[in-house]
Structure formats: C-alpha cells, structure tokens
Amino acid sequence: MVLDRSTSGLVSLTEEDCTEMSWIESVLYFAGFSTDESLDVLLDRTPLTRLYFKAKSDYVKEPIPVFGLEGIWRMFNEDEGPEMILSSYGGKMDEIEETTIPFPHIKGNLYKI
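Numbering follows my numbering, with no gaps: position 73 of the sequence shown is 651.
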C-alpha cells in the first residue's frame, strides 16, 4: 500500500494504521468476521446481534481541509466515538464512464463518506 505522505503527516496516519484488503475481505471485516474466515459465513443470514443503527452518507467532491480532519479525529478519540467509512471513487473508478455502468455517482466524486 502506498501512503500519500503529502497529507498523511497532517493527521499522524501511518502505514501501520491502515489495512489493505480486497472488497470481499472488507465485507467480512465490516460484518465482524476475521478476514481469514471462510466466505461461507456470509451465506448464513442469521443476525449475529440485534444491533440497529442509522447511517448517513454523502459524496465528497473536494478534499476535507486539515481543520476539518482535526475535528473528525477529536470526535473519534471520544468515548463511544463515531464510525466512518470512506469509499474511494478515484483511481480506476474515475476511468469508468458514467454511462458504462448503472452508477451515476462516479464522475466528480472523490469518495463517499
């Protein structure tokens, strides 16, 4: 994994803080399983917990400024802090024409937050 050093130093992010994984490994991870777990566990549709949550997402077109990231990091350090998932739409996704697949949110968006 390549860490962009031009901005990562501003938020004290190191390569040890990151885990590179495939999409299907991330499905296991966010479902609460080990990424080494067999994919067959995803076929069991029985809920593991009675955890309910409400989520909100938005599309980001411009990088979050440093002061915004500092505020986010403060919230994460609080007890019972929030969770945040950043889904990148850059890189290879940016090369796909928006008419190629039925997903109009690719062009112009850096990621979903």
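Heads up, the beta-carbon is just placed ideally off N, CA and C, and yes, glycines get one too.
As the structure is a prediction and not an experimental result, all values here were calculated from the model.
Rounded to whole angstroms, the Cβ separation of residue 638 and residue 689 is 5 Å, and the two are in contact under 8 Å. DSSP places residue 600 outside both helix and strand once states are collapsed to three, so it counts as coil. Shown here, residue 690 sits in a strand according to DSSP, grouped into three states.
The beta carbon of residue 607 sits closer than 6 Å to those of 613, all from its chain and outside the five residues before and after it, given in chain order. DSSP places residue 619 in no alpha helix (DSSP H); its state is neither H nor E. It is roughly 9 Å from the alpha-carbon of residue 659 to the alpha-carbon of residue 652. Per DSSP, residue 650 is one residue of the alpha helix (DSSP H) stretching across 644-654. In the DSSP assignment, residue 638 forms a beta bridge with 689.
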